[in-house]
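Residue numbers (the numbering used here): 22 to 95. Ideal Cβ placement from N, Cα and C applies to all residues, glycine included. Here's the structure, in structure tokens; my notes come after.
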């Protein structure tokens, strides 16, 4: 494995970790503010988490040029 492959793997892991942390924090804050609980809170929380997660990944791809899932279709 050369240095560029290792750098790509480290970047991938760091971007995913950042997206997970941001999505988790924002979705928890939003669910607490809305006061949702139970199965309805779980479903809404899952959807909100997914939106924030992919939003952060899109942000990294759009502004930093770090491609994870190729949202631009290139």
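task = Pull up the CB-CB distance for residue 34 and residue 73, whole angstroms please, since I reckon it's below 8 Å.
result = Not a contact, Cβ separation roughly 19 Å.
inquiry  = Would residue 69 and residue 36 be called neighbours here (beta carbons separated by less than 7 Å)?
reply    = No. Outside cutoff.
task = Note down, in chain order, each residue of its chain lying with its Cβ closer than 6 Å to the Cβ of residue 40, except the 5 sequence neighbours on either side.
result = Setting aside the 5 residues that flank it on each side, residue 40 is surrounded in the same chain by 74, 77, 78, each with a C-beta closer than 6 Å to its C-beta; the list follows chain order.
task = Determine the contact status of residue 66 and residue 48, defining contact as a CB-CB distance below 7 Å.
result = The Cβ atoms of residue 66 and residue 48 lie closer than 7 Å to each other.
request  = Return yes when the Cβ of residue 87 is within less than 7 Å of the Cβ of residue 81, no when it is not.
outcome  = Yes, the Cβ-Cβ distance between residue 81 and residue 87 is below 7 Å.
key: Residue of 26, 32, 25, 64 minimising C-alpha distance to residue 85   = When only C-alpha atoms are compared, the closest one is 32.
request  = Would you identify the three-state DSSP class for residue 76, choosing helix, strand or coil?
outcome  = In this structure, residue 76 counts as helix in the three-state DSSP scheme.
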